[in-house]
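Undergrad:
Number of protein chains: 2
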Amino acid sequence: MKSRKTLADVAAAAGVSKMTASRALRGDKDVSQTNIERVKQAARQIGYYGNQFASSLSSKHTDLIGVVVPSLSNIVFPQVMAGVTDALKGTLLQPVFGVTDYDPETEYETLRNMLSWRPAGLIVTGIDQPPETRQLLKDAGVPVVQIMDIDGHPVDACVGFSHSEAGHDIAVALFEAGLRRFGYVGRNLDKDLRAAKRKQGFQSALRDHGLAFAEIVDGPSQQVDAAGRSAVDCGRKLTAALLERQPDLDCIYFSNDDLAFGGLCHCISAGISVPGDVALAGFNGLGLLEGFPGKIATSRTARKQIGEQAARMILETVEHSAAKMEKLHILKPEISLGELARIKNKAG
Amino acid sequence: MKSRKTLADVAAAAGVSKMTASRALRGDKDVSQTNIERVKQAARQIGYYGNQFASSLSSKHTDLIGVVVPSLSNIVFPQVMAGVTDALKGTLLQPVFGVTDYDPETEYETLRNMLSWRPAGLIVTGIDQPPETRQLLKDAGVPVVQIMDIDGHPVDACVGFSHSEAGHDIAVALFEAGLRRFGYVGRNLDKDLRAAKRKQGFQSALRDHGLAFAEIVDGPSQQVDAAGRSAVDCGRKLTAALLERQPDLDCIYFSNDDLAFGGLCHCISAGISVPGDVALAGFNGLGLLEGFPGKIATSRTARKQIGEQAARMILETVEHSAAKMEKLHILKPEISLGELARIKNKAG
DNA sequence: TTGAAAGCGCTAACAT
DNA sequence: ATGTTAGCGCTTTCAA
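Residue numbers (UniProt numbering), protein chains in the order written: chain A, 1 to 348; chain B, 1 to 348.
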């Protein structure tokens, strides 16, 4: 850290005391108009831009909101981050992002590190942190919002929806559309707990109708490669493998839209009609699906809004200092059946 | 910022002085093994995790690397961020991200704000910052690496490639594959300077062969909507519009892969053979394309590697303190013609 | 409306 | 190997 212009330099240049300079720059009242201008101009002239360390150390106060996400490879999380960023725009707070790679140990370390920056609030993805991490969050002494999942016990506040319910609901919708022979394509389920919950919810709904997945294909849990390949491609390959083993499926549920879209790509290449021969269902409602509108059923998640809402909840708590934060905010995904809806109506 | 455990608490709990506690926690040598353990255990027991403000203020040193990207909606930038994160993993440095929404004013403010955190280095997307921003970067007194573009004058170091050359090169490759009637589909060109450079390079190459775009379609420059829709969808619609006006095109160049993929989706739905009836070319080499391997020609950019390389360059400068940083690192995109290559060989 | 003094929690530099 | 002293640059508090 190179030493640079300090408040003292500004004060000297403006011919006032450090305190007056400090007050003028922060917009404190009780500073004469003359001095405000004099100080601000001096600051600009000598290229002064403050020192957050000194400021925060002295004031015991920061404007940082720590945001922890599992991955940057899945576009969903950058979208959450964008939501947080947008909601914080124009406020004094600013987000600081951390990435865990779906690794609990990394998550713990990331949080410890964030706490050493004394953030004004914390937004953490997921609700199933290990005990030690939960303890860290509880003791943090700042508002904590867990996002994306509500199936479990939040440390404090929580924004998201139930993934097992989401899986359950789309299974019901697909069943009611007349589909009976289900297959499943997933990936990374050992680490992606929320995807696992969806699968489980789906299975439970099938059980209620005396059904089960006819076949399950699981992809590798390794990260996407450097070029970002793989999610769609993986879906394509797994779908090909699944349909080879079980050609008479009438519906495949995927752990997300990327995989489902890969499945669609396979079907188109192989001349399989979708959803006529086989229906495909994914999860998230990504822009990807707009390429073939209505071809893939999905649950549209409000991920950007989740980020916004979480940020707003922290904002409120910080501003009203009293803990008036709502503890639970559900943004339930909306099911979109696409072309299946027509088929369903015809059938019904 | 709530007041929490301090070094003094740890020292008291361990029965040593603050200095010994400080040294023990930071892994300084010249501390007895007994005390190291005593202090570390005391720290864990009382839940101490340091105060970066005090530490950095005192030591005049930070571990922060500021990383500024224009957008989170375009998966390319999260991939760059992932590269930076990976390269910094295991080092003492850590990234802090800022987003500009392609707005120069926001970029300036973001950088000012980052500088108030006295980062050890800065990674900034793009090379065409306005004069005031350039000045800020020059005066920052920390290593600065501009990424993704080398067409211009870097403030200091630079990692990326020439976009005009990239546009030029793929135009040549497509020309040599026998294509002659070119159309163009772009979006956001007023703000995305690099996309504009590619288009310009493409046009220049066409001119060299006495050709020009037969038709150009420009999409809206607004951001993607909340659900992340739009990039692929926009490509689909623009392609439909373009082909309606100019049905005899034999190739369409898109400002990126998302749009190109949308174009492919349109062609498949409309029964247009790709690349037989019309060839499509995009830019980036996204995972998207794996859905229909080889259907879309593209320039594969090494965006994750660019992030990694930029981070490594800053690491080196920081570690060797002397400015031994290489000033220019080119990671040229690799052209992939896909199925066009076969056609080309047949033709040649 | 302004300024002087004190101290935030830590570490560098100098003792011992 | 350990402790003491003196700040880092700012803001809070109190006095004028």
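Backbone N, C-alpha and C define an ideal beta-carbon position, used for all residues, glycine too. None of these values were measured; they are calculated from a predicted model.
Closer than 7 Å by beta-carbon distance: list the chain A residues that pair up with B:GLN52, in chain order.
TA: Those within 7 Å of B:GLN52 in chain A are SER116 and TRP117.
Undergrad: Please report how far the alpha carbon of B:LEU64 lies from the alpha carbon of B:GLY126, in whole angstroms.
TA: Between B:LEU64 and B:GLY126, the C-alpha separation is close to 20 Å.
Undergrad: Could you tell me whether the segment 170 to 177 of chain B touches the segment 131 to 148 of chain B, where touching means 3 or more Cβ pairs closer than 8 Å?
TA: Result no; under three Cβ-Cβ pairs closer than 8 Å.
Undergrad: Ends of the beta strand (DSSP E) at B:GLY66?
TA: Segment 64 to 69, the beta strand (DSSP E) holding B:GLY66.
Undergrad: Are the segment 329 to 336 of chain A and the segment 300 to 316 of chain A touching, with three or more C-beta to C-beta distances below 8 Å?
TA: These segments touch.
Undergrad: Considering only residues of the same chain and omitting the five flanking positions on each side of B:GLU334, which have a CB-CB separation below 6 Å?
TA: Taken in chain order, the residues that qualify are ARG300.
Undergrad: Please list, in chain order, all residues of the same chain as B:LEU72 whose beta carbon is under 8 Å from its beta carbon, the five residues on each side excluded.
TA: Only PRO78 and VAL99 meet the Cβ criterion.
Undergrad: Could you give the residue range of the beta strand (DSSP E) that holds B:PRO293?
TA: Element bounds for B:PRO293: n/a, residue is neither H nor E.
Undergrad: Considering only DSSP beta bridges, list what B:HIS329 is partnered with.
TA: Bridge partners of B:HIS329: B:VAL159.
Undergrad: Compute the beta-carbon to beta-carbon distance between A:GLN246 and A:ALA214, rounded to the nearest angstrom, for a pair I have assumed lies under 8 Å.
TA: Confirmed, Cβ separation roughly 5 Å.
Undergrad: Who are the near neighbours of A:TYR49 in its chain, counting only those whose CB is closer than 7 Å to its CB and skipping five residues on each side?
TA: Taken in chain order, the list of residues that qualify is empty.
Undergrad: Of the residues that make up the segment 233 to 250 of chain A, which ones have a beta carbon closer than 9 Å to any beta carbon in chain B?
TA: Cβ contacts with chain B: ASP233, CYS234, GLY235 and ARG236.
Undergrad: Measuring only the C-alpha atoms, how far is A:LYS40 from A:MET114?
TA: Looking at the two C-alpha atoms, the distance is approximately 32 Å.
Undergrad: Around the C-beta of B:GLU203, are 16 or more other C-beta atoms found within 10 angstroms, so that it is buried, or is it exposed?
TA: For clarity, residue 203 of chain B is Gln in the given sequence; the question names Glu instead. With 16 or more Cβ atoms within 10 Å of its Cβ, B:GLN203 is classed as buried.
Undergrad: Determine whether the beta carbon atoms of A:ARG8 and A:ALA14 lie at a separation below 8 Å.
TA: It is worth fixing the name first, because residue 8 of chain A is Ala in this sequence and not Arg. Contact: no.
Undergrad: Grab the span of the beta strand (DSSP E) containing A:SER336 for me, first residue to last.
TA: Unbroken beta strand (DSSP E) run through A:SER336: 334 to 336.
Undergrad: How many angstroms separate the CA atom of A:LYS60 from the CA atom of A:SER17?
TA: Distance between the alpha carbons of A:LYS60 and A:SER17: 22 Å.
Undergrad: Taking C-beta to C-beta, are B:GLY282 and B:LEU249 nearer than 8 Å?
TA: Not in contact: B:GLY282 and B:LEU249 (Cβ atoms no closer than 8 Å).
Undergrad: So which residues on chain B does A:MET81 lean against when the C-beta distance must stay under 7 Å?
TA: Ordered by position in chain B, the residues that pass the 7 Å Cβ test against A:MET81 are LEU72.
Undergrad: Can you tell which of A:GLN45, A:ALA87 and A:GLN33 has the C-alpha that lies nearest to the C-alpha of A:VAL10?
TA: The shortest C-alpha separation from A:VAL10 is found at A:GLN45.
Undergrad: What would DSSP say about A:ILE127, mapped onto helix, strand or coil?
TA: Correct three-state label for A:ILE127: coil.
Undergrad: A:SER273: buried (16+ other C-beta within 10 angstroms of its C-beta) or exposed?
TA: When all chains shown are included, A:SER273 counts as exposed.
Undergrad: Which bits of chain B does A:PHE161 rub up against, with CB to CB less than 7 Å?
TA: Near A:PHE161 there are no residues of chain B at all, since even the closest Cβ is about 15 Å away, more than 7 Å.
Undergrad: Find out if the Cβ-Cβ distance for the pair A:GLU107, A:GLN135 is shorter than 8 Å.
TA: Taking 8 Å as the Cβ cut-off, A:GLU107 and A:GLN135 do not qualify as a contacting pair.
Undergrad: Check whether the Cβ atoms of A:LEU315 and A:LYS295 lie closer than 8 Å to each other.
TA: Contact flag unset, no.
Undergrad: Who are the near neighbours of A:HIS163 in its chain, counting only those whose CB is closer than 8 Å to its CB and skipping five residues on each side?
TA: If we look at A:HIS163 and ignore the five residues flanking it on each side, its Cβ neighbours are ASP149, ASP151, ARG194, ALA195, LYS197, ARG198 and GLY201.
Undergrad: Taking the alpha carbon of A:TYR184 as the point to measure from, which residue in A:SER255, A:SER336 and A:GLY291 has its own alpha carbon closest?
TA: It is A:SER255.
Undergrad: Measuring alpha carbon to alpha carbon, tell me which residue in A:GLY262, A:ARG342 and A:GLY47 is nearest B:PRO293.
TA: For B:PRO293, the nearest C-alpha among the options comes from A:GLY262.
Undergrad: Closer than 6 Å by C-beta to B:ARG26: which residues in its own chain qualify, once you throw out the five before and the five after it? Chain order, please.
TA: Here the set comprises nothing.
Undergrad: Measuring only between beta-carbons, confirm whether A:SER230 sits less than 8 Å from chain B.
TA: It does: the Cβ of A:SER230 has a partner Cβ on chain B nearer than 8 Å.
Undergrad: May I ask you to list, following chain order, the residues of the segment 278 to 309 of chain B that have a beta carbon less than 7 Å from some beta carbon of chain A?
TA: Hits within the stretch, in order: GLY285, LEU286, GLY287, LEU288, GLU290, GLY291, PHE292, ARG300, LYS304 and GLN305.
Undergrad: Going straight from the alpha carbon of B:LEU92 to that of B:PRO220, what length do you get?
TA: Cα to Cα, B:LEU92 sits roughly 43 Å from B:PRO220.
Undergrad: Using a Cβ-Cβ cutoff of less than 8 Å, which residues in the same chain neighbour residue 349 of chain A once the five nearest sequence positions on both sides are dropped?
TA: Examination of residue 349 of chain A is not possible in this model, given that chain A is present from 1 through 348 alone.
Undergrad: If you draw a straight line from the alpha carbon of B:ALA341 to that of B:VAL155, how long is it in whole angstroms?
TA: Between B:ALA341 and B:VAL155, the C-alpha separation is close to 39 Å.
Undergrad: What are the boundary residues of the alpha helix (DSSP H) that B:VAL76 is part of?
TA: Run containing B:VAL76: 76 to 88, per the alpha helix (DSSP H) assignment.
Undergrad: Taking 7 Å as the cut-off, is the CB of A:LEU57 close to at least one heavy atom of the ligand PLP?
TA: Because no ligand of any kind appears in the structure shown, any question about the ligand PLP cannot be addressed here.
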